[in-house]
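Undergrad:
Residue numbers (the working numbering): 2 to 144.
1) The alpha helix (DSSP H) that contains residue 135, what's its start and end?
2) Measuring straight from C-alpha to C-alpha, what distance separates residue 18 and residue 57?
3) For the candidate residues 49, 22, 103, 99, whose alpha-carbon lies nearest to that of residue 126?
4) Closest to residue 139 by CA distance: which of 9, 15, 94, 10 is it?
5) Starting from the C-beta of residue 62, find all residues in its chain whose C-beta is less than 8 angstroms away, skip the five residues before and the five after it, and write them out in chain order.
6) Using only CA atoms, which one of 120, 11, 106 lies nearest to residue 48?
7) Rounding to the nearest angstrom, what Cα-Cα distance links residue 119 and residue 22 in this structure?
8) Measuring only the C-alpha atoms, how far is residue 31 from residue 97?
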C-alpha cells in the first residue's frame, strides 16, 4: 500500500464532509457505526454505558474516537470504490479489526492496553502515522 495513500483518503473525507457544526455528531455516529449492537446482549449494553461514563484516560478516549472515525471513513471509501482494488481486502480487514476492537473495548472485553496495541497494529498495516493521528485529533477538536 502506498505511503500516505490512506491518510489522504481520511483527511480529504474529513475536509470535504465534516464541518465544524457536525463534528461531534459525526464522531458519535462513527462510534455507533463500529459497535456491533446486533451481537450485544442486554448486559453488554449496560457495560457500554458504564464504560463510557468511566473512561479515565483522555488519551485512550481520544484514540478510541479517532479510530472509530478512521474505520467509518475507510468503510465508506471501500463502498464507493475509493480504495484501489489490490488494497480493498486489506483495508476491509482493518475496518473489521478496528470495529472488533471498538466493540470489545466498549463491552469491557478489552482494556486500555489491548486497544492501544490493536490500534497501533492496524495503523502500521494501513500506513497511518502518529503525526497523522495528532493532525486528525486537532482537526476534530479532540485535543
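Where a beta carbon is used, it is the ideal one built from N, C-alpha and C, also for glycine. Values in this document were obtained by computation on a predicted structure and should not be read as measured data.
TA: So, to answer that:
1) Looking up residue 135 in the chain shown gives position 134. 131-140 is the span of the alpha helix (DSSP H), which, as asked, contains residue 135.
2) Taking the chain shown and counting its residues from 1, one reaches residue 18 at position 17. Taking the chain shown and counting its residues from 1, one reaches residue 57 at position 56. Approximately 30 angstroms, taken between the alpha carbons.
3) On the chain shown, residue 126 is found 125 positions in, with the first residue counted as 1. For residue 126, the nearest C-alpha among the options comes from 99.
4) Translated into positions along the chain shown, residue 139 becomes position 138. It is 15.
5) As a first step, residue 62 is located in the chain shown; it is residue number 61 there, counting from the start. Within the same chain, residue 62 has close Cβ partners 56.
6) Against the chain shown, residue 48 aligns to sequence position 47. Out of 120, 11, 106, 106 has the C-alpha closest to the C-alpha of residue 48.
7) Your numbering for residue 119 matches position 118 in the chain shown. Your numbering for residue 22 matches position 21 in the chain shown. Using only the alpha carbons, I get a separation of about 31 angstroms.
8) For this step, residue 31 is matched to residue 30 along the chain shown. For this step, residue 97 is matched to residue 96 along the chain shown. Rounded to whole angstroms, residue 31 to residue 97 spans 14 angstroms at the Cα level.
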